[in-house]
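Numbering of the sequence shown is given in my numbering, commencing with residue 4 and proceeding in unit increments.
Working notes for the structure below.
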Amino acid sequence: MPVDPLYLPVQAGRALHAPLPYTGDDTGENISGKNKNYCELTCLYWAWRNLDADAVGLCHYRRYLAGKGSTGEKPFGELTTGDKAFDRRASRILTAQEAEALLRKAPVLLPKKRNYYIETGYSQYAHAHHEEDLTATRAILSERCPDYVEAFDRTLARTKGHRFNMFIMRHDLLDRYCSWLFDILFELEARLDISGYSDYDKRVFGFVAERLLDVWLETNHIQYLELPVLHLESQHWLKKGTAFLKRKFRGRN
């Protein structure tokens, strides 16, 4: 685990698993028991409800926002509220010093958008998961916060989007975002029957949340910086690409 003070290792879903020697997401106010369906969002909920910090974020044990390279180039990122992103090869993970400097430029740090090229965000989800997840989510937005529907339709019609539920966000914005996000997800949980879903698709609320981040950011006109993502494991792109094409043309297995 990183030793930089930016990072606090937290065991996700600790209420369901044998404890590891890290802080658990089952302490304080938590939804740790929902981890099989909410994925890393049980850690986000825990951090939102229990941490006192100027900014709070989320990364994964094998996936991090990248810091500047060891050759002394300028920090990654370009202020944007649109699709334009700054891209450069990364050599190490983001540090606390770098994050603090970037957060003085924008209140949110995000991973560079993922591009599906031949799929929109909507069609990619429908081919990879269950389309009714998005249909139900849109219905909830229409009922509870109709101002967000336009951004929902617009962002899912693109081929690019921020994924992984990764970000660092100023705490006041985090409170607004999480209050909105979990209200929607808890209602979605109440409406969806996922009893027939595969174990993978039962992670539905984590998958839907990935698509909702851009909806919230754009509706509220929140500025952000984009940083490359540093993967600490092989990505098996050939295997992933083959599965991606099979889902598009054959549907889910």
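Even glycine gets a Cβ: it sits at the ideal position worked out from N, Cα and C.
Is the distance from the Cβ of residue i to the Cβ of residue j below 8 Å?
i, j, result
"Phe170", "Leu233", "no"
"His132", "Asp204", "yes"
"Ser1", "Ala21", "It is not possible to answer for residue 1, since the shown part of the chain is limited to 4 through 256."
"Ala99", "Arg173", "no"
"Ala15", "Asp28", "yes"
"Leu228", "Leu105", "yes"
"Thr140", "Val211", "yes"
"Arg194", "Asn40", "no"
"Trp51", "Cys181", "yes"
"Leu97", "Ala69", "yes"
"Leu176", "Ile121", "no"
"Glu103", "Lys71", "no"
Per DSSP, residue i forms a beta bridge with which residues?
i, result
"Ala69", "Ile96"
"Val232", "Leu68"
"Arg194", "Note: Arg194 sits in no beta bridge, so no partner."
"Ile171", "Gly60, Leu112"
For my contact list, residue i and residue j are in at a C-beta cut-off of 8 Å; report their separation, rounded to the angstrom.
i, j, result
"Leu61", "Cys42", "In fact, because the Cβ distance is near 11 Å, the residues do not count as touching under 8 Å."
"Arg161", "Thr123", "6 Å"
"Leu230", "Pro110", "At roughly 14 Å, the Cβ-Cβ gap does not stay under 8 Å, so Leu230 and Pro110 are not in contact."
When you compare each of the options to residue i by their alpha carbons, which one comes out closest?
i, options, result
"Lys116", "Gly209, Asp186, Leu159", "Leu159"
"Phe167", "Arg214, Pro110, Ala50, Glu103", "Arg214"
"Pro12", "Arg65, His130, Ser145", "Arg65"
"Asp219", "Asp196, Asp178, Arg206, Ser198", "Reading off the sequence, residue 219 comes out as Trp, not Asp. Taking only the C-alpha atoms, the option nearest Trp219 is Asp178."
"Tyr125", "Asn40, Pro110, Lys163, Ile225", "Lys163"
"Leu44", "Thr26, His63, Asp55, Ala56", "His63"
"Leu144", "Ser198, Val207, Thr30, Phe189", "Phe189"
"Pro24", "Met4, Asp156, Phe208", "Met4"
"Leu271", "Tyr48, Ile225, Glu236, His165", "No information on residue 271 is available, as it lies outside the stretch 4 to 256 that the chain covers here."
"Leu9", "Asn38, Tyr67, Asp136, Glu135", "Tyr67"
"Asp136", "His165, Arg157, Ile187", "Ile187"
"Phe208", "Glu236, Lys108, Asn38", "Asn38"
Q.
Suppose only complete runs of 4+ residues qualify. What are the alpha helix (DSSP H) ranges in the segment 84-163, listed by chain order?
A. 99-106, 124-131, 134-147, 152-159
**Q.** Within the segment 9-70, ranges of the alpha helix (DSSP H) (whole runs, at least 4 residues)
**A.** Within the segment 9-70, the complete alpha helix (DSSP H) runs of at least 4 residues fall at 38-41, 44-53.
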